[in-house]
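Undergrad: One structure is given below, represented as C-alpha cells, and several questions about it will come after.
Right, dumping it as C-alpha cells:
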C-alpha cells in the first residue's frame with residue numbers, strides 16, 4: 001500500500017514542479033503575444049538622455065527582433081519636453097512610434113506644465129500618472145530602465 | 148483503479164494551481180497591511196530630481212489612495228544633501244513624512260560626508276547602507292524608481 | 295476511503311507548498327554559487343555617477359561579504375567613457391575588477407563611439423548590447439540600480 005501511494009503521488013509531484021517552475025521563470029512574463037516587455041522611464045530634462053532612450057529602443061528592437069520585444073517609454077517630470085511637438089527629438093520620437101514603440105506622456109505632469117494634447121507629438125499615448133504606469137508594469141514582470 | 152487514481156489526483160492538481168498562481172501574481176507582493184510597496188531611490192545631487200521624487204510620492208499617493216501604497220525614499224551618495232536640515236526641500240520632506248512616506252538616509256554616505264543625525268531633517272529614518280536597502284526591497288517584490 | 299484519500303493527498307499538498315513558496319521567495323533568485331546578484335547600470339556621462347557606482351559596489355561587497363554578492367556593472371551610452379583606458383576612474387575600475395566585480399561594456403555603444411577593445415581598460419568584459427544585458431539580468435531576478 002505504501003508503494004502504491006507513492007506511485008500515485010508521483011504524477012502530482014511532476015505536475016507540481018511543472019506548474020511551479022514557470023511561476024518564477026522568465027518565460028511566464030511575456031506579453032499576450034509572446035514579446036519581452038520593457039518599460040523605459042524618462043524623467044531627465046537633458047536631451048542627451050532622450051536620445052539615449054531612443055537609441056536604446058532602436059538597438060534593442062534590432063538586437064532581439066522587432067516582433068520579439070515590446071517597449072513602452074513612459075515620460076514624466078522634467079522629461080516631458082521630449083514629447084512636445086517642437087522637441088528637437090520629434091523626428092526620432094515619430095520614427096520610434098512608426099517602429100512599434102509605445103510612448104506615453106504623464107497627464108499629471110502635462111497639467112502642471114500647462115500642456116494639452118494639442119501641444120504634443122501626434123501618435124503618442126497618455127496615462128493619468130507616470131509613476132502608476134511604471135510601477136504597474138514592473139509589478140506585471142516588465143524590466144525597467146531609467147533615463 | 149486508474150480512474151480512481153486520477154480522481155484522487157485532481158484535488159492535488161487544483162491545489163497546485165491555486166497555490167502556484169499567487170507565487171507569480173502581483174497581489175502576493177504587498178506589504179503586510181495590503182499596500183503596494185515602491186522604493187524611490189535618490190542619488191542625484193540636482194534639487195530638480197529631489198523635487199521630482201517628492202512630486203511623484205505625493206501624486207502616487209493621491210492617484211492610488213494614501214492607504215493603498217507604501218513609498219520608501221532611499222537617499223544616498225550625492226543625493227544625501229536632500230535630507231540635511233537646511234536643504235531647500237526641507238518643508239517638502241517634512242510634509243512627505245507627515246503623509247506617511249518613509250524616508251531613509253544611508254549612514255555609509257553620511258559617514259563619508261561627515262554628517263551626523265543631528266545634521267539631518269527630524270523624522271527621517273536611517274539604514275546602514277542605501278544599496279543594501281534598495282536591493283533587499285526589490286528582492287521582496289517592490290517596484291523601483293530612480294532619481 | 296475518503297479519509298484514506300485525504301491522507302494520500304497531504305504529502306502532495308506539503309510538496310506543493312514547499313515547491314511553490316520558493317518560486318516567489320528571494321532565496322530562489324541567487325547565482326549558481328548562492329550569491330545575491332545585482333546589476334548596476336551606468337549610462338550617465340558625469341564622472342560623479344561613475345564614482346558613485348564604484349563606491350556602491352565596494353560598500354555593498356563590504357556590507358554583505360564579498361563572497362555573498364555578485365555585482366555586474368553594465369556601461370553603455372554616454373557612460374562608456376568610464377571604461378576607456380585613460381578614464382580618470384581607471385584605477386578604481388581596475389580595483390573593482392580585482393575585487394570580483396564584473397564590468398561589461400556595450401559593443402553597440404563602442405561601435406558608435408569608434409572605440410575598440412584596445413582603447414578600453416584591460417580586464418573588462420563585453421556584451422553585444424547593454425540593454426539586452428540589463429533586461430536579461432532583471433528577468434533572471436537580479437535587482438537593478440541605475441546611475
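Protein chains in written order, with the working numbering: chain C, 1 to 147; chain S, 148 to 294; chain U, 295 to 441.
Where is the CB? At the ideal position from N, CA and C, for every residue including glycine.
1. Would you decide whether residue 269 of chain S is buried or exposed? Buried here means 16 or more other CB atoms lie within 10 Å of its CB.
2. Determine contact between the stretch 373-380 of chain U and the stretch 414-430 of chain U, defined as no fewer than three beta-carbon pairs at a distance below 8 Å.
3. Could you run through the stretch 73-101 of chain C and flag, in chain order, every residue whose CB is less than 7 Å away from some CB of chain S?
4. Under 9 Å, Cβ to Cβ, is there at least one residue of chain S near residue 412 of chain U?
5. Expressed to the nearest angstrom, what Euclidean distance is found between the alpha-carbon atoms of residue 399 of chain U and residue 91 of chain C?
6. So is residue 179 of chain S in contact with chain C if we call contact Cβ pairs under 9 Å?
7. Flag residue 189 of chain S as yes if its beta-carbon sits less than 9 Å from any beta-carbon of chain B, otherwise no.
8. Taking 9 Å as the cut-off, decide whether the C-beta atoms of residue 351 of chain U and residue 395 of chain U are in contact.
9. Going by beta-carbon coordinates alone, are residue 74 of chain C and residue 141 of chain C separated by less than 9 Å?
10. Among S/258, S/234, S/208, which one has its Cα closest to the Cα of residue 245 of chain S?
11. With DSSP run on the structure shown, which of helix, strand or coil describes residue 144 of chain C?
12. Which residue comes first and which comes last in the beta strand (DSSP E) that contains residue 104 of chain C?
13. Name, going along the chain, the residues of the stretch 204-218 of chain S whose beta-carbon falls closer than 7 Å to a beta-carbon of chain C.
14. Assign residue 275 of chain S to buried or exposed, taking buried as 16 or more other Cβ atoms, counted over all protein chains shown, within 10 Å of its Cβ.
15. So is residue 420 of chain U in contact with chain C if we call contact Cβ pairs under 9 Å?
16. In angstroms, rounded to a whole number, what distance separates the CA positions of residue 111 of chain C and residue 76 of chain C?
17. Pull the bridge partners of residue 414 of chain U from the DSSP assignment, please.
18. Kindly examine the ligand NAD and report whether one of its heavy atoms sits closer than 8 Å to the Cβ of residue 327 of chain U.
19. Is there at least one Cβ from chain C nearer than 9 Å to residue 424 of chain U's Cβ?
20. For the alpha helix (DSSP H) holding residue 78 of chain C, just list the boundary residues, first then last.
21. Could you tell me whether the Cβ of residue 415 of chain U comes closer than 9 Å to any Cβ of chain S?
22. So with CB distances below 8 Å, who are the chain C contacts of residue 428 of chain U?
23. For residue 128 of chain C, name the three-state secondary structure that DSSP assigns.
24. Give the single residue among C/41, C/43, C/54, C/44 whose Cα lies nearest to the Cα of residue 95 of chain C.
25. Considering only C-alpha positions, which residue in the set C/88, C/69, C/113, C/108 is nearest to residue 40 of chain C?
26. Can the beta-carbon of residue 42 of chain C be found less than 9 Å from the beta-carbon of residue 440 of chain U?
27. For the stretch 397-410 of chain U, enumerate the residues whose C-beta is nearer than 8 Å to any C-beta of chain S, in chain order.
28. Can you tell me whether DSSP reads residue 368 of chain U as helix, strand or coil?
29. Alpha helix (DSSP H) containing residue 387 of chain U: first to last residue?
30. Which chain U residues sit within Cβ distance under 9 Å of residue 39 of chain C?
31. List the residues of chain U that residue 182 of chain S touches, going by C-beta distances under 9 Å, in chain order.
32. Look at the Cβ atom of residue 279 of chain S, then the Cβ atom of residue 407 of chain U, and state whether they are nearer than 9 Å.
TA: To lay it out plainly:
1. exposed
2. yes
3. So the close ones are 77, 78.
4. no
5. 29 Å
6. no
7. The structure shown contains no chain B; its protein chains are C, S and U.
8. Yes, the pair counts as a contact, with Cβ atoms nearer than the cut-off.
9. no
10. S/208
11. DSSP, reduced to helix, strand and coil, places residue 144 of chain C within a strand of the structure shown.
12. Under the DSSP assignment, residue 104 of chain C falls in the beta strand (DSSP E) whose first and last residues are 102-106.
13. 206, 207, 210, 211
14. exposed
15. The Cβ of residue 420 of chain U sits no closer than 9 Å to any Cβ of chain C.
16. Cα atoms of residue 111 of chain C and residue 76 of chain C: separation of roughly 11 Å, rounded to the nearest angstrom.
17. U/378
18. Inclusion of the ligand NAD in the displayed structure is not the case, the ligand content being empty and no account of it being possible.
19. yes
20. No alpha helix (DSSP H) holds residue 78 of chain C; DSSP gives it neither H nor E.
21. no
22. 143, 145
23. In this structure, residue 128 of chain C counts as coil in the three-state DSSP scheme.
24. C/54
25. C/69
26. no
27. none
28. strand
29. 384-392
30. Correct list: empty, because the minimum Cβ distance to chain U is about 10 Å.
31. None at all; the shortest Cβ gap to chain U is about 18 Å.
32. It is not a contact, given that the beta carbons lie outside the stated cut-off.
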